[in-house]
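Student: Before I ask anything, let me first share the structure, which is written out below as structure tokens.
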Amino acid sequence: MTGTGNAVRPAYAELSHWLKEVKPDVLDFRRREAELLFRRIGITFAVYGDPEAQERLIPFDVIPRIIAATEWQVLTRGLEQRVKAINAYIGDVYGRREILKAGIIPDDLVYQNPVFRPEMNGQKVPHDIYVHIAGIDIIRIDADTFYVLEDNARTPSGVSYMLENREIMLRLFPELFSRYRVAPVENYPDELLATLKSVAPPSASAEPNVVLLTPGVYNSAYYEHSFLADKLGIELVEGRDLVVKDEVLFMRTTEGLKRVDVIYRRIDDDFLDPLVFRVDSALGVPGLMSAYQAGSVTLANAVGTGIADDKAVYSYMPEIVKFYLGEEPILKNVPTWRCRESEHLAYVLDHIEELVVKEVHGSGGYGMLIGPKADKATIAAFAAKLKADPKNFIAQPTLALSTCPTCVEEGIAPRHVDLRPFVLSGRDRIRIVPGGLTRVALKKGSLVVNSSQGGGTKDTWVLDG
Amino acid sequence: MLSRTADNLYWLARYVERAEYIARILDTTLRLTALPLTYVGSTNEWESAVATAGCASGFFEAYNEANEETVTEFLAFSTANPSSIRNCFESARLNARAVRTALTSEMWDAINGAWLELKRWGNGPRSREEFASFLRWVLGSSLRFDGSAYRTMLRNDAYWFSRIGVYIERADNTARILDVKYHLLLPAEEHVGGPLDYYQWSSILRSVSALTAYHWVYRENVKPWLVADLLMLRDEMPRSLASCYENLVQNLDRIANAYGRQGPAQRQARTVRARLENSRIKEIFQTGLHEFIDDFVEDNNRLGTAVSQQYLL
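First to last, the protein sequences are chains A and B.
Read in the working numbering, the first sequence has 46 at position 46, and its numbers run on one by one without any break.
Read in the working numbering, the second sequence has 91 at position 91, and its numbers run on one by one without any break.
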């Protein structure tokens, strides 16, 4: 909330007044009310490996995170640029491979990457869009510097929290909204549907049939899947609802089989089609890839987009932006040491107690070492893992993430936050709804914002001029 | 709509209906067993409750004796009995969760709220009073769900499939009560109903919430053949077999009109309704009440299968 020298940043001035006026017990009462609402609506997520907490609430913090209009404009341009580059890169990797020929990205990083899908080699996708929905995790270091922490180009989740958090805030704090001009986010479902329809295969009718494919009720993000299907007004399907006949995809309805044109899939590549990927997948649709390859159905996101969002490829993103767009990247990358390179590895091992070391394919805050927080034994064990398979790791400095006032046990205190805006790429244009998912580390000093590790969420207010 | 969605809606409605029915059986049994023995005779009402709930074989695998403690546990709170009230709510909510997009927020709220509140009751009541208030809560939850469906759902196939679930389950439940209690309704020669019979007959009525309705329809003392008439053949009685089938035919016809196609389910429902319409209670008693009910239960199951095959698979 504060910039350098502890002055309250202008965007937060009004909130700061308000927080001084409002009585602590009112805030506490609203907080409990919010929790009841979330519980009642049923916004829960599952934590893997914790049967007791099969359905848990993500803690919600009632104090909003505020982004000024000028800041948002910079972010928007940066996000568009980055997602354009990601799409160009994926098309290239499965096409002419110019970036490999130019020696910018090492071959083995692509070919030996477990998320590289040889099935996609030479495969055309409608309008050359691979990543229709991207979630780009952003952190801010100081007033003017945004870094991208991570690109999510497979099946990014969390957008339901962006929408529900706003609903709850509107219900609980109408007064606070009257003090700010907050840009609305409620048009996200419309924008998403327009995006999905715009990439329907040429064979589809004028009103393409779009469905959302979910792994089912036991998936941790199932609430979000059903929420989005509802808001979009499309069918929420599971693999068993779909069937492929003569390379065309159908869904089973009470009136017989009905053709499907676009799948917004929230299921990983591995599980899409047991005939091509994991044979033990009961979640997918046998023959789906044959329909996809025949071009009779569009998958959003495309198959094989993981090649753009692992943490090793991440470190090349500035080069990727320059290579395809010929522009300087607007959004910075966090400085990253690639442990695959021996000089970098040596540096990382020397400075391991200052660094954050992450597995290239890890996510959700799992499989990482936060050097300054770890004890000697943990560091030694992690260093051994790192030496055994350096390619599998990257390292980054621990950053002074910006903080935002947050309701915690001892009152209102600063906590570290990040931001995940959602970028929609369609045939006609890129759409970004002004807002996103703000995640907050509720433990004092903690930098881990993941919900599976005790993180919470906030509403994100982008100011409208 | 997706076949699976229709299937979930159908079963969601069935499970809620079943939970209410089990609660009614338990409530009636509590009342009967609260009476002095001279009024109810030496029959084991708890055993009869298990039979009426259709869970006798499962019950006697788990317990040796049917008494208040074991039956209450098995029918209301057991996790091993798929038709216990707890499991009905559990299954209903699982089905609801799978089709949240097809439910109105009021319906979701009703079923999710009931499921959350169920935990408050723990593993059983500590007293009869507490148990009675638990049963009232179950009835209230079911009414709330049914009411929210009635008042908020669009009148389209989603609603119709959900109603079909309600009526197939309800017909099955009413038939089961008749099946277990039919011997009480058979007019013994020159039999004058004693107090014992009166309480048995009125308890049957009470378990389908028809005691007041009986008096309104017949304006007479409770007579066994009229109890049978009310539960089987009277259209105006919402839990009667005739009323269930009138609703089934109606809802199946709406689906057939919307989809532009009739099928085996529509024919089966019309056949059963015609049989109910053309029957008189006197004739049923002459040809055999028990046989009639047995046939009906089979026919009702056949309709369930036909609906599944035609729409839900």
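Built from N, CA and C at the ideal position, the CB exists for glycine as well.
Quick caveat: nothing in here was measured; it's all calculated off a predicted structure.
Could you pull the start and end residues of the beta strand (DSSP E) that tyrosine 366 of chain A belongs to?
Tutor: As a working note, residue 366 of chain A is residue 366 in the first sequence. First-last for tyrosine 366 of chain A: undefined, no H or E at that position.
Student: Could you tell me which residues DSSP puts in a beta bridge with histidine 416 of chain A?
Tutor: Sequence index remark: in the first sequence, residue 416 of chain A carries index 416 (1-based). DSSP, once it has assigned bridges, lists A:Thr403 as partnering histidine 416 of chain A.
Student: Is there a Cβ from chain B that is less than 9 Å from the Cβ of leucine 57 of chain A?
Tutor: Here residue 57 of chain A refers to the residue found at position 57 of the first sequence. Not one chain B Cβ lies under 9 Å of leucine 57 of chain A.
Student: Would you say methionine 153 of chain B reaches chain A, if we count a Cβ-Cβ gap shorter than 9 Å as a contact?
Tutor: One-based indexing of the second sequence puts residue 153 of chain B at position 153. It does not: the Cβ of methionine 153 of chain B has no partner Cβ on chain A nearer than 9 Å.
Student: Using the C-alpha atoms, what's the distance from valine 243 of chain A back to histidine 132 of chain A?
Tutor: Indexing the first sequence from 1 puts residue 132 of chain A at position 132. Indexing the first sequence from 1 puts residue 243 of chain A at position 243. Taken atom to atom, the span from the alpha-carbon of histidine 132 of chain A to that of valine 243 of chain A is near 24 Å.
Student: What separation, rounded to the nearest whole angstrom, lies between the Cα atoms of alanine 110 of chain B and arginine 39 of chain A?
Tutor: Counting from 1 along the second sequence, the entry for residue 110 of chain B is found at position 110. Counting from 1 along the first sequence, the entry for residue 39 of chain A is found at position 39. Taking the straight line joining both Cα atoms gives about 13 Å.
Student: Just grab the DSSP bridge partners of arginine 77 of chain A for me.
Tutor: Taking the first residue of the first sequence as 1, we reach residue 77 of chain A at position 77. DSSP lists no partner for arginine 77 of chain A.
Student: Count the CB pairs spanning the stretch 226-237 of chain A and the stretch 158-173 of chain A that are closer than 8 Å, and state whether there are at least three.
Tutor: yes
Student: Output, in chain order, the set of chain B residues within a Cβ distance shorter than 9 Å of glutamate 235 of chain A.
Tutor: Indexing the first sequence from 1 puts residue 235 of chain A at position 235. Ordered by position in chain B, the residues that pass the 9 Å Cβ test against glutamate 235 of chain A are Met1, Leu2, Thr5 and Thr101.
Student: I need the straight-line Cα distance from glycine 239 of chain A to alanine 98 of chain B, nearest angstrom please.
Tutor: Stepping through the first sequence from its first residue, residue 239 of chain A is reached at position 239. Stepping through the second sequence from its first residue, residue 98 of chain B is reached at position 98. One C-alpha to the other measures close to 13 Å.
Student: May I have the straight-line CA-CA distance separating leucine 26 of chain B from leucine 135 of chain B, to the nearest angstrom?
Tutor: As a working mapping, residue 26 of chain B is identified with position 26 in the second sequence. As a working mapping, residue 135 of chain B is identified with position 135 in the second sequence. When rounded, the distance between both Cα atoms is 8 Å.
Student: Write down the C-beta distance between alanine 153 of chain A and threonine 336 of chain A rounded to the nearest angstrom, noting that I regard them as a contact closer than 8 Å.
Tutor: In the first sequence, residue 153 of chain A corresponds to position 153, counting from 1. In the first sequence, residue 336 of chain A corresponds to position 336, counting from 1. About 17 Å separates the two Cβ atoms, so there is no contact after all.
Student: Compile a chain-ordered list of the residues in the stretch 240-268 of chain A whose CB is closer than 8 Å to at least one CB of chain B.
Tutor: Result list: Arg240, Asp241, Met251, Arg252, Thr253, Thr254 and Glu255.
Student: Does any residue of chain B have a CB that is nearer than 9 Å to the CB of glutamate 33 of chain A?
Tutor: As a working note, residue 33 of chain A is residue 33 in the first sequence. Output row for glutamate 33 of chain A: interface = no.
Student: In the DSSP output, which residue or residues are listed as bridge partners for glutamate 359 of chain A?
Tutor: Stepping through the first sequence from its first residue, residue 359 of chain A is reached at position 359. According to DSSP, glutamate 359 of chain A bridges with A:Phe393.
Student: Looking at the unbroken beta strand (DSSP E) that takes in tyrosine 147 of chain A, where does it start and where does it end?
Tutor: Counted from its first residue, the first sequence places residue 147 of chain A at position 147. For tyrosine 147 of chain A, the enclosing beta strand (DSSP E) begins and ends at 145-152.
Student: Does DSSP put threonine 336 of chain A in a helix, in a strand, or in coil?
Tutor: Taking the first sequence and counting its residues from 1, the one referred to as residue 336 of chain A is at position 336. Note: threonine 336 of chain A maps to coil in three-state DSSP.
Student: For glutamate 52 of chain A and arginine 420 of chain A, what's the separation of their Cα atoms in angstroms?
Tutor: The sequence position of residue 52 of chain A within the first sequence is 52, counting from 1. The sequence position of residue 420 of chain A within the first sequence is 420, counting from 1. Annotation note: pLDDT 45 at glutamate 52 of chain A (below 50); position unreliable, coordinate value reported separately. Their Cα atoms are separated by approximately 29 Å.
Student: Around the C-beta of threonine 287 of chain B, are 16 or more other C-beta atoms found within 10 angstroms, so that it is buried, or is it exposed?
Tutor: As a first step, residue 287 of chain B must be located in the second sequence, where it is residue number 287. Classification of threonine 287 of chain B: exposed, given that the 10 Å Cβ count is below 16.
Student: Going by CA-CA distance only, name the one from A:Leu15, A:Ala34, A:Leu19 and A:Ile90 that's closest to tyrosine 324 of chain A.
Tutor: Taking the first sequence and counting its residues from 1, one reaches residue 324 of chain A at position 324. It is A:Ile90.
Student: Suppose contacts are defined by Cβ-Cβ distances below 9 Å. Is threonine 70 of chain A in contact with proline 434 of chain A by that definition?
Tutor: As a first step, residue 70 of chain A must be located in the first sequence, where it is residue number 70. As a first step, residue 434 of chain A must be located in the first sequence, where it is residue number 434. In this structure, proline 434 of chain A does not lie closer than 9 Å to threonine 70 of chain A by Cβ.
Student: Specify whether the stretch 103-110 of chain A and the stretch 126-141 of chain A touch according to this definition: at least 3 beta carbon pairs, one from each stretch, less than 8 Å apart.
Tutor: no
Student: Do aspartate 268 of chain A and proline 274 of chain A have their C-beta atoms closer together than 9 Å?
Tutor: Along the first sequence, one-based indexing puts residue 268 of chain A at 268. Along the first sequence, one-based indexing puts residue 274 of chain A at 274. Not in contact: aspartate 268 of chain A and proline 274 of chain A (Cβ atoms no closer than 9 Å).
Student: Measure from the C-beta of alanine 269 of chain B to each C-beta in chain A and report whether the shortest distance is under 9 Å.
Tutor: One-based indexing of the second sequence puts residue 269 of chain B at position 269. Chain A contact via Cβ: absent.
Student: Taking only runs of the alpha helix (DSSP H) that begin and end inside the stretch 154-202 of chain A, which ones reach a length of at least 4 residues, in chain order?
Tutor: 159-172, 174-178 and 188-198
Student: Would you say arginine 340 of chain A and alanine 312 of chain A are within 9 Å of each other, going by their C-beta atoms?
Tutor: Here the question's residue 340 of chain A lines up with position 340 in the first sequence. Here the question's residue 312 of chain A lines up with position 312 in the first sequence. Cβ distance < 9 Å, so arginine 340 of chain A and alanine 312 of chain A count as in contact.
Student: Leaving out five residues before and five after leucine 193 of chain A in sequence, what residues of the same chain have Cβ atoms less than 6 Å from its Cβ?
Tutor: Taking the first residue of the first sequence as 1, we reach residue 193 of chain A at position 193. Result list for leucine 193 of chain A: Leu232, in chain order.
Student: Quick one: what's tryptophan 18 of chain A bridged to in DSSP?
Tutor: Within the first sequence, numbered from 1, the residue matching residue 18 of chain A stands at position 18. Here tryptophan 18 of chain A is not bridged, per DSSP, to any residue.
Student: Ignore the nearest five residues each way along the sequence and tell me which others in alanine 291 of chain A's own chain have a CB closer than 7 Å to its CB.
Tutor: Sequence index remark: in the first sequence, residue 291 of chain A carries index 291 (1-based). Within the same chain, and ignoring the five residues on either side of alanine 291 of chain A in sequence, the residues whose Cβ sits closer than 7 Å to its Cβ are Val244, Glu247, Val248, Leu249 and Val297.
Student: For proline 126 of chain A, which of helix, strand or coil comes out of DSSP?
Tutor: Numbered from 1 along the first sequence, position 126 holds the residue referred to as residue 126 of chain A. Reduced to three states, the DSSP call for proline 126 of chain A is helix.
Student: Quick one: what's valine 440 of chain A bridged to in DSSP?
Tutor: The residue you call residue 440 of chain A lines up with position 440 of the first sequence. The partner list for valine 440 of chain A (beta bridge, DSSP) reads A:Val417 and A:Gly456.
Student: Could you list which residues in chain B have their beta carbon closer than 8 Å to that of glutamate 224 of chain A, in chain order?
Tutor: Here residue 224 of chain A refers to the residue found at position 224 of the first sequence. Under the 8 Å cutoff, chain B gives no residues; its nearest Cβ is about 11 Å from glutamate 224 of chain A.
Student: From the DSSP output, in three-state form, read off phenylalanine 271 of chain A for me.
Tutor: As a first step, residue 271 of chain A must be located in the first sequence, where it is residue number 271. DSSP places phenylalanine 271 of chain A in helix when its eight states are reduced to three.
Student: With leucine 466 of chain A and cysteine 407 of chain A assumed to form a contact (beta carbons below 8 Å), what rounded beta-carbon distance in angstroms separates them?
Tutor: With chain A represented from 1 up to 465, any question about residue 466 of chain A goes unanswered, as that position is not in the structure.
Student: Please name the residue, chosen from B:Ala23, B:Ile281 and B:Leu248, that lies closest to serine 133 of chain B on a Cα-to-Cα basis.
Tutor: Mapped onto the second sequence, residue 133 of chain B falls at position 133. For serine 133 of chain B, the nearest C-alpha among the options comes from B:Ala23.
Student: Kindly list, in the order they appear in chain A, the residues whose Cβ is closer than 8 Å to that of arginine 94 of chain B.
Tutor: Here residue 94 of chain B corresponds to residue number 94 of the second sequence, with the count starting at 1. What sits at residue 94 of chain B in the sequence shown is leucine, not arginine. Under a criterion of Cβ atoms nearer than 8 Å, the residues of chain A adjacent to leucine 94 of chain B are, in order, Val217.
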